[in-house]
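Here the sequence shown stands for residues 354 to 678, where the numbers follow my numbering. Ideal Cβ placement from N, Cα and C applies to all residues, glycine included.
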Amino acid sequence: MSRLVDGFGRRFWYLRVSITEVCNFRCTYCLPDGYRKEGPLSFMSPLEVERVVRAFADTGVCKVRLTGGEPSVRKDLPEIIARVAQTPGINKVCLTTNGWNLERQVAGWREAGLTNVNVSIDSLDPAAFHRITGHDRLESVVRGLDKALALGVPTVKVNGVLLKEGAQDGFEAFAEFVRERPIAMRFIELMRTGDNAQYFADQHVPGSRLTDWLEARGWTKRERAFDDGPAFEYAQPDYAGRIGLIAPYAPGFCDSCNRLRITARGQLRLCLFGELGVNLRDLLQKDEPEALHARITAALAGKPKGHRLHEQVSGDTRHLAQFGG
Ligand code: SAM
Ligand code: SF4
């Protein structure tokens with residue numbers, strides 16, 4: 354059991370590590386004008402990632418997700434995966450990716466020790482995918498996902514942002530997508546960030562739009578397992594896969610928060626929508642495990658009870674590529 358506990362009794366066994374702020378996509382809700390360099394590109398080295406993961410694994414963290422920006426723009430991603438996978442205590446090494454080079458790279462990532470991959474696909478309509486991401490790559494992304502399944506990556510999931518444009522058609526298309534594929538497709542309710550206020554006003558739809566649609570078609574909510582994360586998943590006997598919803602605006606969303614975040618520059622973020630972070634970089638560069646442990650434990654006392662998105666407060670989060678979502 355994790356020994357990291359915050360002031361509200363929540364235990365932390367899941368660490369999300371951003372390894373870059375750079376992204377090659379231009380998702381309309383995240384980086385509509387593409388990635389713009391801010392300050393020097395001094396992201397954690399594979400050794401620094403290993404050190405921070407080891408520090409958390411020593412306290413009972415067992416699951417690590419690599420994210421970004423787009424984590425697969427880093428050429429040393431296989432080395433990073435391998436270092437995390439070899440860390441004692443870590444049994445799940447997960448990656449969130451936009452899938453642009455999944456088809457070419459997934460075999461190497463699997464060999465390095467990847468156990469879970471979440472592929473972001475907001476629409477199964479090639480033209481809408483192109484419009485949303487800036488890239489006409491839907492077919493290659495789907496081939497990459499099918500390759501991950503064929504290679505036996507233990508958990509493959511799809512994440513799609515729930516957008517007003519195409520919501521209803523999207524539900525039908527994704528249900529068809531999981532008819533034969535034994536995967537979970539989870540819609541994420543669009544979150545308001547510092548940069549996307551107008552987009553949010555135009556495109557946000559409540560998660561109930563999806564759950565009403567599912568329930569009207571015989572999909573039923575599954576019991577949640579201990580390590581399910583924030584998604585509610587629905588199943589239907591005619592479908593091999595499941596459809597889920599991540600609803601950050603739902604009451605109680607933060608009560609079972611089990612995750613902490615490390616930014617690509619080596620800061621500990623206590624809440625995705627908080628303010629500032631606690632710098633760990635100096636201790637990662639020097640390998641000082643005891644001081645690192647002390648700083649992490651002290652920082653946890655400051656973890657807020659919940660985000661304040663309902664009050665239109667998204668902390669200093671301008672877009673999710675900044676900290677990994
Ligand atoms: N680039 C990778 C990708 O897109 O999968 C990893 C980083 S991305 C920030 C992580 C996830 O956050 C993606 O599934 C993306 O769709 C989601 N996301 C980004 N901005 C969002 C927002 N404003 N509201 C909800 N989800 C968002
Ligand atoms: Fe890039 Fe992911 Fe943001 Fe899309 S959601 S712009 S792929 S970081």
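- When secondary structure is reduced to three states using DSSP, Thr650 falls in the helix class.
- Following the DSSP letters along the chain, one finds Leu502 inside the alpha helix (DSSP H) bounded by residues 491–503.
- Distance from the CA atom of Lys390 to the CA atom of Arg671, rounded to whole angstroms, is 14 Å.
- Residues of the same chain with a CB within less than 7 Å of the CB of Gly387, apart from the 5 flanking positions on each side, are Arg379 in chain order.
- The C-alpha of Glu403 lies about 40 Å from the C-alpha of Lys517.
- The beta carbon of Ser473 sits closer than 6 Å to at least one heavy atom of the ligand SAM.
- By the Cβ criterion, the segment 398–413 is not in contact with the segment 449–459, since fewer than three pairs of Cβ atoms, one from each stretch, lie closer than 8 Å.
- Straight-line spacing of the CA atoms in Asn451 and Val494 works out to 8 Å.
- Close CB contacts of Ala588 within its chain, under the 7 Å cut and outside five residues either way in sequence, are with Trp572, Thr573, Arg575, Arg595 (chain order).
- Contact between Val509 and Ile536 holds, since their C-beta atoms are separated by about 5 Å, short of 8 Å.
- Between Gln556 and Leu543, the alpha-carbon positions lie close to 8 Å from each other.
- At least one heavy atom of the ligand SAM is found less than 6 Å from the C-beta of Gly421.
- Straight through space, the alpha carbons of Gln620 and Val511 are spaced by roughly 28 Å.
- Its Cα nearest to that of Gly523, the residue Met538 stands out among Glu533, Arg534, Met538.
- DSSP, read as helix, strand or coil, puts Gly466 in coil.
- With a threshold of 6 Å, the Cβ atom of Asn444 does not count as near the ligand SAM, since no heavy atom of the ligand is closer than that.
- Around the beta carbon of Gly461, fewer than 16 other beta carbons lie within 10 angstroms, which makes this residue exposed.
- Between the C-alpha atoms of Asn471 and Leu498 there is a straight-line separation of about 9 Å.
- With fewer than three CB-CB distances shorter than 8 Å, the segment 473–484 does not count as touching the segment 432–443.
- Following the DSSP letters along the chain, one finds Ala584 inside the beta strand (DSSP E) bounded by residues 584–588.
- Distance between Arg532 and Ser561, taken at the CA atoms: about 22 Å.
- Excluding residues up to 5 positions away in sequence, Ala537, Arg539, Gly597, Leu598, Ile599 lie with their Cβ nearer than 8 Å to the Cβ of Ala584 in the same chain.
- The distance from the Cβ of Arg364 to that of Asn611 is about 7 Å, consistent with a contact at the 8 Å cut-off.
- For secondary structure counted as the beta strand (DSSP E) over 3 or more consecutive residues, the segment 390–431 holds these complete runs in sequence order: 416–420.
- As a beta-bridge residue in DSSP terms, Val511 pairs with Val472, Met538.
- Around Leu645, the same chain offers Ala408, Leu636 as residues with beta carbons nearer than 6 Å, after the five sequence neighbours per side are excluded.
- By the C-beta density criterion, Ser395 is exposed, having fewer than 16 other C-beta atoms within 10 angstroms.
- Residue burial is scored here from C-beta neighbours: Gln551 has fewer than 16 other C-beta atoms within 10 angstroms and is therefore classed as exposed.
- In this structure Arg463 touches Leu504 by the C-beta definition: roughly 5 Å separates them, less than 8 Å.
- In the three-state DSSP reduction, Gln458 falls in the helix class (H, G or I).
- For Arg614, no alpha helix (DSSP H) run applies; the uninterrupted beta strand (DSSP E) run containing it begins and ends at 612–615, by DSSP.
- The C-alpha of Gln521 is placed about 11 Å away from the C-alpha of Asp565.
- Per the coordinates, the alpha-carbon of Ala438 lies some 38 Å from the alpha-carbon of Val558.
- Nearest to Gly466 by alpha-carbon distance, out of His483, Arg427, Tyr602, Cys447, is Cys447.
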